[in-house]
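Take a look at the structure set out below.
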Amino acid sequence: MPDTYVPIAARPSPVRTSGLAPWVRTNMFGDVRSSITSLFLLALVVYLLPKLYSWGLGNAVFSANAEACQSVRGIGACWGVVTEKYRLILLGRFPFDEHWRPVLATSLMLAALVVSCIRVFWKPWLALMWVAVMAIFFILMGGGVFGLSDVRTDLWGGLPLTVLLATVSIFLAFPLSIAVALGRRSHLPAIRSACIVYIELIRGVPLISVLFMASFMFPLFMPQGVTIDVLVRVVVGITLFAAAYMAEIIRGGLQAIPKGQLEAADTLGLSYWQTQRKIVLPQALAMVVPSIMNNFISIFKDTSLVTIVSMYELTGALSLALNSDVNWRPFKIEAYLFITLVYFIFCFAMSRYSLWVEKQLSASKAR
Numbered sequence: 081m082p083d084t085y086v087p088i089a090a091r092p093s094p095v096r097t098s099g100l101a102p103w104v105r106t107n108m109f110g111d112v113r114s115s116i117t118s119l120f121l122l123a124l125v126v127y128l129l130p131k132l133y134s135w136g137l138g139n140a141v142f143s144a145n146a147e148a149c150q151s152v153r154g155i156g157a158c159w160g161v162v163t164e165k166y167r168l169i170l171l172g173r174f175p176f177d178e179h180w181r182p183v184l185a186t187s188l189m190l191a192a193l194v195v196s197c198i199r200v201f202w203k204p205w206l207a208l209m210w211v212a213v214m215a216i217f218f219i220l221m222g223g224g225v226f227g228l229s230d231v232r233t234d235l236w237g238g239l240p241l242t243v244l245l246a247t248v249s250i251f252l253a254f255p256l257s258i259a260v261a262l263g264r265r266s267h268l269p270a271i272r273s274a275c276i277v278y279i280e281l282i283r284g285v286p287l288i289s290v291l292f293m294a295s296f297m298f299p300l301f302m303p304q305g306v307t308i309d310v311l312v313r314v315v316v317g318i319t320l321f322a323a324a325y326m327a328e329i330i331r332g333g334l335q336a337i338p339k340g341q342l343e344a345a346d347t348l349g350l351s352y353w354q355t356q357r358k359i360v361l362p363q364a365l366a367m368v369v370p371s372i373m374n375n376f377i378s379i380f381k382d383t384s385l386v387t388i389v390s391m392y393e394l395t396g397a398l399s400l401a402l403n404s405d406v407n408w409r410p411f412k413i414e415a416y417l418f419i420t421l422v423y424f425i426f427c428f429a430m431s432r433y434s435l436w437v438e439k440q441l442s443a444s445k446a447r
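Here the working numbering is used: the first residue of the sequence shown is 81, the next is one more, and so on.
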């Protein structure tokens, strides 16, 4: 009677390949050079951590007491400046009694951003939701209707202005960048030349110059008596600047598509726009997701430059809050650490979402 094959039950690997210990061994002590660097950095952390704890927590002052902060100056942090000025830092010069309006408007927009990042909500009604969200945002911020007092756009500031500028600029720059990237690869000389001139002209100057032109020079070319709100001009300037850089990123993705796929699309009889929409753009955009997200993060941080046109977003509102009060002016480091934390939270969230999108794309390719 022939022997019956009996499979051996699976046994665990003798060496763990996942978890904290394998990660530390692979990334921090993989070779002699990385081991020396890791040990040096660990020693530096051990040396600095007690000092940072003593300054940031042990000897720190958390109450809004300027005299107490002066007494620990040099040996402890004064987080009281944040306790005292956080409303002015986060909300700018918006009327103090109406602060509930920018808080509600910003919370609504952030909630809409979170919903837009969840795949299950990617439905046609999402566009209508954004139209409603933007309408409610401007009604709450601007007022003038439903019994709300009128607030000029030059009084908008702080985090609401930062979120508004970044969100609107990203939404407008992304489709524009796709059109410009396709135009630069067009076979029509006029379209290709116009896109090249636009990209090279914008990329050849800093964002500060674009904002200056949009805010101070552009109104000089307008007809007499015609004015455009400074907020609109700033949004247009940031959008044009971001779209030029993003167009080059997307063009790199377009060039990575194998020529054979375009030839196959022509063989199937697909039109130019069908080829771009169904074959080229989905693959090209998937390839450059990290670079696109880097550009989004850069847009969010570049909103701090609008201070030069007297719009006090998060960074500008901080300077306004401290420069107007000599008692708290010496404690700028603590205040800047506070807004650094705010910027980090937003940028880190965008970065992690980018990694999630990459994993989803990798899973789709694996299938």
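For every residue, glycine included, the Cβ atom is placed at its ideal position computed from N, Cα and C. Predicted model only: the values in this text are computed from it and were never measured.
Nearest-angstrom Cα separation, counted from residue j out to residue i
i      : j      : result
Ala234 : Ala345 : It should be noted that the sequence gives Asp, not Ala, for residue 234. Computed Cα separation, rounded: 51 angstroms.
Leu252 : Val213 : 16 angstroms
Ala148 : Asn407 : 11 angstroms
Lys131 : Leu122 : 15 angstroms
Leu435 : Met373 : 10 angstroms
His267 : Asp405 : 60 angstroms
Val260 : Leu300 : 28 angstroms
Phe428 : Val194 : 14 angstroms
Phe109 : Ser115 : 4 angstroms
Val369 : Ile377 : 12 angstroms
Ala323 : Thr106 : 39 angstroms
Ser371 : Val200 : 25 angstroms
Arg382 : Leu365 : In the sequence as presented, Arg is not what sits at residue 382; that position holds Asp. Approximately 23 angstroms between the Cα atoms of the pair.
Val437 : Met367 : 11 angstroms
Gln354 : Pro362 : 12 angstroms
Rounded distance between the beta-carbons of residue j and residue i, thought under 8 angstroms
i      : j      : result
Leu256 : Thr319 : 7 angstroms
Arg331 : Arg272 : Not quite, the Cβ-Cβ distance comes to about 11 angstroms (not below 8 angstroms), so this is no contact.
Met189 : Val225 : With a Cβ gap of about 19 angstroms, Met189 and Val225 do not count as contacting.
Phe142 : Thr163 : 7 angstroms
Tyr416 : Cys197 : So it is not a contact: roughly 29 angstroms between Cβ atoms.
Leu220 : Arg181 : 5 angstroms
Val290 : Phe321 : 5 angstroms
Asn139 : Val152 : 5 angstroms
Met209 : Ala191 : So it is not a contact: roughly 10 angstroms between Cβ atoms.
Cβ neighbours of residue i in the same chain (closer than 6 angstroms, five flanking residues each side left out)
i      : result
Leu311 : Thr233
Ile419 : Leu394 and Leu398
Thr387 : Gly396
Leu171 : His179, Pro182 and Gly238
Tyr392 : Gly172, Gly237 and Leu400
Val161 : Trp408, Phe411, Glu414 and Ala415
Residue span of the alpha helix (DSSP H) that contains residue i, given as start and end
i      : result
Leu385 : Where Leu385 is concerned, there is no enclosing alpha helix (DSSP H), given that its DSSP letter is neither H nor E.
Gln356 : Where Gln356 is concerned, there is no enclosing alpha helix (DSSP H), given that its DSSP letter is neither H nor E.
Pro303 : Per DSSP, Pro303 belongs to no alpha helix (DSSP H) and is neither H nor E.
Ser101 : In the sequence on display, residue 101 carries Ala and not Ser. Looking at the DSSP string, the run of the alpha helix (DSSP H) that includes Ala101 is Leu100 to Asn107.
Leu124 : Val112 to Tyr133
Asn403 : Leu394 to Asn403
Per-residue burial, residue i [other beta carbons within 10 Å of its own, 16 or more giving buried]
i      : result
Tyr85  : exposed
Phe424 : exposed
Leu334 : buried
Asp111 : exposed
Asn375 : buried
Ile282 : buried
Met302 : exposed
Residue i Cβ short of 8 angstroms to the ligand COA heavy atom set
i      : result
Glu438 : Although the ligand COA was asked about, the structure shown includes no ligands whatsoever.
Sequence-distant residues of its chain with Cβ nearer than 8 angstroms to residue i (five each side left out)
i      : result
Leu262 : Leu334 and Gln356
Gly305 : none
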